[in-house]
Amino acid sequence: MQNITNGNSQTANAKGTAKGGMKSSQLMQLFEDELKDIYWAEKALTSAIPKMIKNATSAELVKALEKHLLETKEQVTRVEQVFEAIGKKAVAKKCEAMEGLIKEAQEIMDSCEPGAMCDAGIISAGQKVEHYEIASYGTLSQFASTLGLSAAAKLLGATLVEEKAADEKLSQVAMSAVNIEAAEKVN
Ligand SMILES: [Fe+2]
Ligand SMILES: [Fe+2]
1 MQNITNGNSQ TANAKGTAKG GMKSSQLMQL FEDELKDIYW AEKALTSAIP KMIKNATSAE
61 LVKALEKHLL ETKEQVTRVE QVFEAIGKKA VAKKCEAMEG LIKEAQEIMD SCEPGAMCDA
121 GIISAGQKVE HYEIASYGTL SQFASTLGLS AAAKLLGATL VEEKAADEKL SQVAMSAVNI
181 EAAEKVN
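Using full-length UniProt numbering, the letters of the sequence shown map in sequence onto residues 1 to 187.
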């Protein structure tokens, strides 16, 4: 059973004055660690998304993924700009969660024939990736704001908007072409 009374249950406090509050140096450490994590994740996605494009059938899905691949490449650069803004060298740290999500996407693609059903699986895997990114960038931009790193917060906020839009686009693709085709295949 999880021990919720251990020291890891402390949360960040903007002013750092409340009991159990976090020092800004600790928040900065956490911020840097999470930045390294998302840097690895974005770089991994620049290799993973092309595989999803290759396996996708729906023209709308291919288009959405191609657009997001370009954005993802820009996001890698944007993370590098965040490192630069805080005066740190850009370092990637393996993101176990993203590695797992990419593996799952690969498993889905390995186990289906190209077509509507495979497309639905790619969308599902893609949306899990986007949700991880939305959570990461939401946290990172909040941390940056709390730390008074306005340039970093702006860059991270810009990526957050793109990730949300990519997730929304995948939902639209799922609702239009893909799901209807998948349903028709049953009959
Ligand atoms: Fe991204
Ligand atoms: Fe993304």
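Every residue gets a Cβ at the ideal spot worked out from N, C-alpha and C, and that includes glycine.
Checklist entry - Which first and last residues belong to the alpha helix (DSSP H) in which residue 109 is found? => result Residues 96-110.
Checklist entry - Using the beta-carbon count (16 or more within 10 Å), is residue 82 buried or exposed? => result Burial state of residue 82 is buried, judged by a 10 Å Cβ sphere holding 16 or more other Cβ atoms.
Next on the checklist: Check for me: the alpha helix (DSSP H) holding residue 176 runs from which residue to which?
Outcome noted: For residue 176, no alpha helix (DSSP H) encloses it, and the DSSP letter there is neither H nor E.
Checklist entry - When the Cα of residue 162 is compared with those of 94, 60, 138 and 91, which residue comes out closest? => result Nearest C-alpha to residue 162: 138.
Checklist entry - With contact counted as at least three CB pairs below 8 angstroms, one residue from each stretch, are the segment 53-63 and the segment 25-35 in contact? => result Touching, no.
Next on the checklist: Any beta carbon of chain C sitting closer than 7 angstroms to that of residue 108?
Outcome noted: No chain C is present in this structure, which holds just one protein chain.
Checklist entry - How many angstroms separate the CA atom of residue 172 from the CA atom of residue 20? => result When rounded, the distance between both Cα atoms is 43 angstroms.
Checklist entry - Comparing alpha-carbon positions, which option in 176, 101, 160 and 85 lies nearest residue 72? => result Ranked by how close their Cα comes to the Cα of residue 72, the residues 176, 101, 160 and 85 have 160 in first place.
Checklist entry - Going straight from the alpha carbon of residue 13 to that of residue 62, what length do you get? => result Reliability of the predicted coordinates at residue 13 is poor, the pLDDT of 44 falling under 50, and the value obtained from them is presented with this limitation in mind. If I take the Cα positions, the gap works out to 43 angstroms.
Checklist entry - So the alpha helix (DSSP H) residue 28 belongs to, where does it begin and stop? => result For residue 28, the enclosing alpha helix (DSSP H) begins and ends at 24-55.
Item to check | Closer than 6 angstroms: residue 72 CB and nearest ligand 4 heavy atom | outcome: The ligand content of the structure shown is limited to ligand 1 and ligand 2, which means ligand 4 is not among them.
Item to check | Option nearest residue 76 by Cα separation, candidates 102, 39 and 167 | outcome: Comparing alpha carbon positions, the residue from 102, 39 and 167 closest to residue 76 is 39.
Checklist entry - Any idea what DSSP makes of residue 115, helix, strand or coil? => result DSSP places residue 115 in the coil class of the three-state scheme, outside both helix and strand.
Item to check | Local conformation of residue 91 per DSSP, three classes | outcome: If DSSP states are grouped into helix, strand and coil, residue 91 belongs with coil.
Checklist entry - Which of helix, strand or coil does DSSP assign to residue 86? => result If DSSP states are grouped into helix, strand and coil, residue 86 belongs with coil.
Next on the checklist: Using 7 angstroms as the threshold, is the C-beta distance between residue 152 and residue 158 below it?
Outcome noted: The beta carbons of residue 152 and residue 158 sit no closer together than 7 angstroms.
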